[in-house]
Ligand SMILES: [Zn+2]
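In the numbering used here, the protein residues as written are 326 to 606.
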């Protein structure tokens, strides 16, 4: 289990286990001969991906960023994604109960970021984190409700509609501080309203950019996901993110990296961002 401190805060990675996605879809227009040097696809052209949630213990609040894929997928979907739904098990390993979570932040509402928001009890979706206030951008909910043919398969209403109806989920309009030291910042590209989470304590900063920079294989600004709705904005916003994250030495948490959950970034030989693993420090 990866754990570190950031100023007065404690940060822990809680994984929902690996899953598998089509490599071509993850790398978009990048030719396979280039991306397969970074990660080897299997016989289905799938690549392993992580589902890294971030637990922030500030001393006064326990904040959970993202909730993985969860336990509600159909058998057919489970056979496609081969996900393992390990988040609750990893809560136990970390010695924290879902009842202790005060805040859940979803960066967006794709099924692989908010799956454990709820689970099925007697066939009905109920909140996994009963005491928590959940946060997402209102614009993301509006897009999810559109059920656009391009990406409706990515949105499972049971992950958020019950929480919106009960008002346990709060809808934000733009950047906001959620609790002291934990704020969200909108970086459009993957979706129109994707929000990154920025954590500040004792002069140190950590960031969870979510699918803006999903893993260490996607650091190049132009290596954006095939899923991105606004790829040009993804590129601009990756630059904008790096302009702060690199000089200010942010600890960057990767939502989908199955090997490296977090790292500092620095500029490599060709002026491209590269990682510095905090575990090698
Ligand atoms: Zn996504």
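We put the beta carbon where it would ideally sit given N, CA and C, even for glycine. Since this is a predicted model, take the numbers as computed values, not measurements.
Check, Outcome
"Below 7 Å, is the gap between the Cβ of residue 536 and the nearest heavy atom of ligand 1?", "yes"
"Could you give the uninterrupted runs of the beta strand (DSSP E) lying entirely in the segment 361 to 446, keeping only those of 3 residues or more?", "371 to 374, 377 to 382, 387 to 390, 428 to 430, 443 to 446"
"Is it the case that the CB of residue 515 approaches a heavy atom of ligand 1 more closely than 7 Å?", "yes"
"Do the segment 545 to 557 and the segment 342 to 356 touch if we need at least three Cβ pairs shorter than 8 Å?", "yes"
"On the CB-based measure, 16 or more other CB atoms within 10 Å of its CB, does residue 520 come out buried or exposed?", "buried"
"Roughly how many angstroms separate the alpha carbons of residue 479 and residue 438, rounded to a whole number?", "10 Å"
"Quick one: is the Cβ of residue 406 within less than 7 Å of any heavy atom of ligand 1?", "no"
"For residue 347, report the span of its beta strand (DSSP E) as first-last.", "344 to 347"
"Hey, which unbroken runs of the alpha helix (DSSP H) at 4 residues or more fall wholly within the segment 513 to 584?", "556 to 570"
"Are the segment 405 to 417 and the segment 339 to 347 touching, with three or more C-beta to C-beta distances below 8 Å?", "yes"
"Between the Cα of residue 333 and those of 340, 543, 382, 456, spot the shortest distance and give me the residue it belongs to.", "382"
"Could you check whether the segment 426 to 438 touches the segment 451 to 470, counting it as contact only if at least three pairs of C-beta atoms, one from each stretch, sit closer than 8 Å?", "yes"
"Please look up how many angstroms separate the CB atoms of residue 440 and residue 395, rounded, as I've assumed it's under 8 Å.", "3 Å"
"Could you tell me which whole beta strand (DSSP E) segments of length 3 or greater appear in the segment 447 to 509?", "449 to 452, 458 to 462, 494 to 497, 501 to 504"
"Ordered along the chain, which non-local residues of its own chain (more than five positions away) have a Cβ less than 7 Å from that of residue 282?", "The displayed coordinates of the chain run from 326 to 606. Any statement about residue 282 would go beyond what the structure contains."
"Rounded to the nearest angstrom, what separates residue 426 and residue 591 at their Cα positions?", "33 Å"
"Just to confirm, is the Cβ distance from residue 564 to residue 586 under 8 Å?", "no"
"Consult DSSP for residue 599 and reduce its assignment to one of helix, strand or coil.", "strand"
"Taking 8 Å as the threshold (C-beta atoms), are residue 419 and residue 337 in contact?", "yes"
"By how many angstroms is the C-alpha of residue 598 removed from the C-alpha of residue 566?", "11 Å"
"On the CB-based measure, 16 or more other CB atoms within 10 Å of its CB, does residue 557 come out buried or exposed?", "exposed"
"Assess contact between the segment 572 to 580 and the segment 519 to 536, defined as three or more Cβ pairs (one per stretch) separated by less than 8 Å. Is contact present?", "yes"
"Name the DSSP beta bridge partners of residue 511, please?", "520"
"Under 7 Å from any heavy atom of ligand 1, does the C-beta of residue 438 make it?", "yes"
"Given the structure, does residue 583 come close to ligand 1, in the sense that its CB is under 7 Å from one of the ligand's heavy atoms?", "no"
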